[in-house]
Structures are given as C-alpha cells and as structure tokens.
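Going letter by letter, the sequence shown gives residues 213 to 406 in the numbering used here.
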Amino acid sequence: MQDEDVLNEFRNSEALLEGHFILSSGRRSPVFLQKMRVFQYPERTERLCQALAQTITERFGEVDLIVSPAMGGILPGYETARALGCRAVFVEREEGRFQLRRGFEIHEGERVVMVEDIVTTGLSSRECLSAIREYPCELLGAACLIDRSNGKADVGAPLVSLCQLDAPDYAADDLPPELAAIAPVKPGSRDLKK
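If you want it as structure tokens, here you go:
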C-alpha cells in the first residue's frame, strides 16, 4: 500500500480535514486526521491494518504481541494483531501514566511491537513504549498507520509506518496569518472529561 492509497482511505471516509486544529500535543495544524471516521468502516480498517501487519513482518519478523495506547491505538492494534495472528492488549492512563490494566500481561520473552494510529510528536508512543519496557519482553519497535511528522518524531524505538505525511504544525503563539485567522477546534480525545 502506497502513501496515496492510505490517504485515499482517509479522504474517502471524510477523515482528512482542513481548518485550524488543536492537536493532542497542544500544537496547531491546518490538517487533522479524524481516524475514527476511517475506523467506522471495518473493511477499510482491515485493509490498512493488513498492510501494516505486512510492513511490521518485513521489518521486525515474527511478533507475539501488539501493545497499543488507549484510546486511538486500540482498533488498529487489534486489527493488526488479527492480521499477524497474535494477541493484542492496550495500555491506559492511570494516575497520569500508561499502564496495563484489565488483567493484561506481557510475558517474559514475548516479541512485542507497539502499534499506534497516528504519530505527530511521538509523545503517546514514547509513553506507551516506556510502559512496555517495564516487562521482560523483547521490544522490537513501533508501527503506525500515518507518521504525520514525516519521519521527524522520535518515538524512542524503530518506527515503521504505512504513510509518511508532511503535515505542518505550529506553536499556538507562532501561527502563520492564514491559520490565525481561523477559529481553532480541538477534535481529539486526550483531554476529554471522565
């Protein structure tokens, strides 16, 4: 699957949005990828995650376990694990940090890949990888559907992606005039109230 094929899955789901968006990192961007609009279509999600599974296998070899950060990574993590024929678990924030809950375990020696939906700054990925490193497993690396940093984000492990996108992002106090002229919206889920 090529970059344009991946982006077309988002376009065809009306998930590639343009405007003024506040990203989960707090940075601002004229582009937002509303991945849940893609994930509402099982056939699209399956196509993307089968391609990601193939990319993971080519880079890392056999995988025993996929670990994803909640919330956005759960569906692609599960579908990618299904394509790989392995288990899938996820970490959740508890007291401000990612942890395994719900009786999930990472077993000694398991070959683990972290799967994320979209990487921008790499913060969620780094936090998820930190939680994985608390276990005596073999952490192979990380994978995502779209790397919107275009390879610039440091997630703290080798990262593979289906698509690299050079989507600009800016500090809130350093916006280009055309972006500053548009009222911002925050479509993500990181700061939703419980």
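We put the CB at the ideal spot given by N, CA and C, even for glycine.
Quantities reported herein were computed from a predicted structural model and do not represent experimental measurements.
Bridge pairing for Y347: absent [DSSP]. In the DSSP assignment, D359 is bridged to V331 and Q376.
Within a 10 Å sphere around the beta-carbon of K364 sit fewer than 16 other beta-carbons, which makes this residue exposed.
Each residue's CA atom was taken as its position, placing R240 and D378 some 14 Å apart.
Of the other Cβ atoms in all chains shown, 16 or more fall within 10 Å of the Cβ of A263; this residue is therefore buried. Its Cα nearest to that of I318, the residue V301 stands out among E226, E307 and V301. In the DSSP annotation of this structure, L391 is not part of any beta strand (DSSP E); the continuous alpha helix (DSSP H) holding it starts and ends at P389 to A392.
Between E258 and E291 a beta carbon distance of about 6 Å is seen, short of the 8 Å cut, so the two are scored as contacting. Residues of the same chain with a CB within less than 7 Å of the CB of R249, apart from the 5 flanking positions on each side, are S225, E226 and A227 in chain order.
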